[in-house]
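Undergrad: Heads up: the sequence shown begins at 388 in this note's numbering, then just goes up one per residue.
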Amino acid sequence: MALPETADFARNFSVLVRVQGPDPKGLKMRNHAFHQYHSGKTTLSASGMLLPDTLYNTEVVKCIWDTDSGQNLMLVMTVASLVEPFLTIQHRENLSQGLPELIPGAQIDIMVEENMGADSDGGGCRWFTAWLLKMVDVPISSLALQSLVEASSGSQEQGWEFGWSLASTHQPSVDSTQTQIEYDNKLLMERQRLVMGRSSNPSLMARSTTRIAILGVNLHLNGLPKIGISPLNKRGEFLLAMGSPFGILSPLHFFNSMSVGSVANCYPPKSSDRALLMADIRCLPGMEGGPVFGDQGMLVGILTRPLRQKTSDAEVQLVIPWDAIASACSDLLLKEPQIEEKGIHINKGNLNTVGNGLLSNSNGSNGHCCYNHDLFNSPCSSLLPIEKAMTSICLITVDGGVWASGVVLNDQGLILTNAHLLEPWRFGKTTVRSSSKKEAPFFLPEESAFSEEKGYKRYQKSCIGPFPLADQQKGYKLKSVFHGHRSIRVRLDHLDPWIWCEAKVVYICKGPLDVALLQVDCIPDKLTAIMVDFSQPSLGSKAYVIGHGLLAPRCGFSPSVCSGVVAKVVKAEMPSYYKSLLPGFSQFPAMLETTAAVHPGGSGGAVVNSDGRLIGLVTSNARHGGGTVIPHLNFSIPSAVLMPIFQFVRDMKDFSPLQNLDKPNELLSSVWALMPPLSPKPGPPLNLPQPILEDNNNKEGKGSRFAKFIAEKNELLKRSAQFGKVEGLPNPILPSKL
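Here it is as structure tokens:
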């Protein structure tokens, strides 16, 4: 199924959900990124998914609703955070008692496309009244999210929050002339206490973020297509989210908008029971509650509010898998679709989603289901090369406080990473990111807070003590060139369980490149070296960034995968020592820019192509003036520039290639300082108008002062052109480093 067909298929199930009700104090929009407020009435919206009757038990629905029109009843699923502000205080305290009730005057509506209805003329949209049937807590997802937040938060300042960065927690002013609805003071105080307590309690916030609301609506649709459930999702797999960002502000512009990305990571790692998916996908407020589909239009889950880092406002998009939702509401929802007439479940091996994509009856070598489809028509190609490249990515910690990524270069335990991890002062950093007295210390996995969770004890125990397969005498051992007292540890992920090894520094580049080499002390078996492509990548070609960005090592994540394209290849004059390596070329790629997301902690990660071959080393990304990271604007060192390192990797004895990298290079330095190249040749004189200075009793008017300023700038530019350098500029351009 090609991307346009997948998008059309997803639109059949995507709806806009609107909740409106009385709000005289203007409090119900708290923690929501957008709203409408008029005459004491607040309106909120989010996205939702229309559930086909093959995904739920229709007899149970009739019992819940207890209505004669059950044959036309359909279910809609959305995020509970949309309707929670309008619940009565009794039902907010206890969601398990009967049908949840809304406050008097509150109403829920859903918008569907007209061409989906039985009596529609086609085109446009239509609102239908809906009723709140059930609030569903998803324990496996809420516990996973709570553990993730608590493990990632070293301090209150460095911690995580729930929700969009645009969400407001401030209470709007209320006009004193507005008509007030009488509330009991006790209920108002209780409500305020619940709001404040929830915002500071990770357990309550995680539960609220993963809670699902199930709505009922009298709606009869013609020809709703059959839907399949996606099998076990892997990192890098295609995702398509359908939703309505800022929906109520203008449904005409925002209803059923599409966003495409991929699976960045899964939680818990190395588990077949997915509790959460981290999605590398650009979503906007209002898309929460919308359905997320995978390759071939298979349902993956429901998009919920993101996880947001306090310091950088970086957002991690979260998807609650369908299997977790169905397990939490097993009395109503079905894990796999069923054919109502026959009362049997659809066999995934024979499922034909809409007649275009077939699922293979055979399984791959790893036991997972495999797709048979045309790679040219599919939104994602084979991920086997990317999965192989993941085994060559490692996690590096320094002094237990700062972490970064690294790339395994050979079976001797040689690892490529960034020099700014070890010498941050050279790259505009005053100190290494480490735990201060005011911050909670960083814990290695054996000291993780997950020690009581199932599935983590085995990982925890496996990391204690030396690795039994490591051979101290294996391979060629290099002497450390770093004589500090830092503790450097490397986590190798090529085996299960993971392996922690001590490492030493064998090389730090003193030239313009931000690269360093480490070697692990104990070399384990079956190390997988990264495959390399030294050719220049073409613009628009696929690029995958693999590394350990954002989430702390104690979370126990495998490396994340973010996808994008090569946006720019910056070229520079080739240094003399490269000409023997790349004969016939006068220039070579000096910097790569990609659209894949790069976050702090991803430094030293790999940029690979669709074949899983290294095309660049992640080095830095851009930041706004206020310090906010721009993850999709990042810079990498091309593999061609790293050729001397791979020359050294061959036998690890000849250091002359590394000595070439230490030589100063003004052209490379200017590229990586994000400055234009400087030419020693003077440029043509600027034809600026000559100033006319007027002497008015030694008093200068505005015009004469401006003319004098232009004259001074003209003289400065002429002197700069003569000496081949810019001097005296008041605001120097500084490199943007992670």
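For glycine and all other residues, C-beta sits at the position ideal for the given N, C-alpha and C. As the structure is a computational prediction, the values presented were derived from the model and not from experiment.
Can Leu-1001 and Ile-917 be called in contact, C-beta distance under 7 Å?
TA: Against a cut-off of 7 Å, the Cβ pair of Ile-917 and Leu-1001 comes out as a contact.
Undergrad: Confirm, please, whether the CB-CB distance from Val-406 to Leu-469 is below 7 Å.
TA: In this structure, Val-406 lies closer than 7 Å to Leu-469 by Cβ.
Undergrad: Cys-781 and Arg-622 look like a contact to me (Cβ under 8 Å); what is the Cβ gap, rounded to whole Å?
TA: Not quite, the Cβ-Cβ distance comes to about 16 Å (not below 8 Å), so this is no contact.
Undergrad: Return the residue from the list Ala-954, Leu-431, Gly-681 and Leu-671 that minimises the CA-CA distance to Leu-664.
TA: Of Ala-954, Leu-431, Gly-681 and Leu-671, the residue nearest in Cα terms is Gly-681.
Undergrad: Counting pairs of Cβ atoms below 8 Å between the segment 647-656 and the segment 935-951, do you hit three or more?
TA: Contact between the segment 647-656 and the segment 935-951 is present, because at least three Cβ pairs lie under 8 Å.
Undergrad: Roughly how many angstroms separate the alpha carbons of Val-1058 and Leu-900, rounded to a whole number?
TA: Looking at the two C-alpha atoms, the distance is approximately 10 Å.
Undergrad: Taking the straight line between their C-alpha atoms, what separation do you get for Leu-694 and Val-536?
TA: For Leu-694 and Val-536, the distance between alpha carbons rounds to 9 Å.
Undergrad: Got a sec? Which residues, its chain only, sit under 8 Å from Ala-397 by beta carbon, not counting five neighbours each side?
TA: Excluding residues within five positions, the ones whose Cβ falls inside 8 Å are Leu-627, Met-629, Met-645, Pro-678, Phe-680 and Gly-684.
Undergrad: Give the secondary structure of Val-1152 by DSSP, where H, G and I count as helix, E and B as strand, and everything else as coil.
TA: Residue 1152 is absent from the structure shown; the chain starts at 388 and stops at 1125.
Undergrad: What is the DSSP secondary structure of Ile-917, reduced to helix, strand or coil?
TA: Ile-917: coil per DSSP, three-state reduction.
Undergrad: Going by DSSP, name the residue or residues bridged to Leu-1029.
TA: Paired residue(s): none; Leu-1029 is not in a bridge.
Undergrad: Note down the Cα distance separating Thr-691 from Leu-796, rounded to an integer number of angstroms.
TA: For Thr-691 and Leu-796, the distance between alpha carbons rounds to 39 Å.
Undergrad: Could you say which of Pro-987, Phe-814 and Pro-526 lies nearest to Lys-897 if we only look at CA atoms?
TA: With distances taken between Cα atoms, Lys-897 lies closest to Phe-814.
Undergrad: Taking the continuous beta strand (DSSP E) assigned at Tyr-443, which residues delimit it?
TA: No beta strand (DSSP E) holds Tyr-443; DSSP gives it neither H nor E.
Undergrad: Would you please state the rounded distance, in angstroms, between the beta carbons of Val-463 and Val-604? I believe it to be under 8 Å.
TA: That belief holds up - the Cβ atoms of Val-463 and Val-604 are roughly 6 Å apart, short of 8 Å.
Undergrad: Distance check for Gln-725 and Leu-979, CA to CA, integer angstroms please.
TA: Cα to Cα, the separation comes out at about 49 Å.
Undergrad: Here's the rule I'm using: 16 or more other beta-carbon atoms within 10 Å means buried, otherwise exposed. How should Gly-408 be labelled?
TA: Gly-408 comes out buried.
Undergrad: Do you know offhand how far Gly-971's Cα is from Ser-922's?
TA: About 13 Å.
Undergrad: Report the three-state DSSP secondary structure of Ala-701 (helix, strand or coil).
TA: Note: Ala-701 maps to coil in three-state DSSP.
Undergrad: In the structure shown, what three-state DSSP assignment does Ile-476 receive?
TA: Correct three-state label for Ile-476: helix.
Undergrad: Measuring CA to CA, which of Glu-702, Ser-1056, Ser-552 and Glu-471 is closest to Gly-936?
TA: Nearest C-alpha to Gly-936: Glu-702.
Undergrad: So Val-956 and Leu-926 are supposed to be a Cβ contact under 8 Å. How far apart are they, rounded?
TA: Val-956 to Leu-926, Cβ: 7 Å. Contact.
Undergrad: Select from Ile-875, Leu-720 and Val-404 the residue whose C-alpha is nearest the C-alpha of Thr-516.
TA: Out of Ile-875, Leu-720 and Val-404, Val-404 has the C-alpha closest to the C-alpha of Thr-516.
Undergrad: What do you get for Leu-532, buried or exposed, if any count of 16 or more other CB atoms within 10 angstroms of its CB means buried?
TA: So Leu-532 counts as buried.
Undergrad: So what does DSSP say about Met-629, is it helix, strand or coil?
TA: Three-state result, Met-629: strand.
Undergrad: Does the separation of the CB atoms of Trp-790 and Gln-696 fall below 7 Å?
TA: No, Cβ-Cβ distance for Trp-790 and Gln-696 is not below 7 Å.
Undergrad: How would you write the range of the alpha helix (DSSP H) that Leu-639 sits in, first residue to last?
TA: 638-641 is the span of the alpha helix (DSSP H), which, as asked, contains Leu-639.
Undergrad: Does the Cβ of Val-892 have 16 or more other Cβ atoms within 10 Å, making it buried, or fewer, making it exposed?
TA: Classification for Val-892: buried.
Undergrad: Can you tell me the Cα-Cα spacing of Glu-889 and Val-785, whole angstroms?
TA: Those two C-alpha atoms are separated by around 10 Å.
Undergrad: Under a three-way DSSP split, which group does Arg-873 fall into?
TA: Note: Arg-873 maps to coil in three-state DSSP.
Undergrad: Tell me the rounded alpha-carbon separation between Gln-1040 and Gln-906.
TA: The residue asked about is misnamed: residue 1040 is Lys in this sequence, not Gln. When rounded, the distance between both Cα atoms is 14 Å.
Undergrad: Based on the DSSP output, what are the partners of Ala-903 in its beta bridges?
TA: According to DSSP, Ala-903 bridges with Thr-804 and Ile-895.
Undergrad: Once DSSP output is grouped into helix, strand and coil, what is the label at Phe-396?
TA: In the structure shown, Phe-396 sits in a helix (DSSP, three-state: H, G or I).
Undergrad: Going by Cα to Cα distance, which pick from Ala-662, Ile-773 and Thr-778 is closest to Asp-998?
TA: If we check each option's Cα against that of Asp-998, Ile-773 comes out closest.
Undergrad: Rounded to whole angstroms, what's the CA-CA distance from Val-706 to Trp-452? Just pull it up for me.
TA: Whole-angstrom Cα-Cα distance: 28 Å.
Undergrad: What's the C-alpha gap between Val-647 and Ala-983?
TA: The alpha-carbon atoms of Val-647 and Ala-983 are separated by roughly 13 Å.
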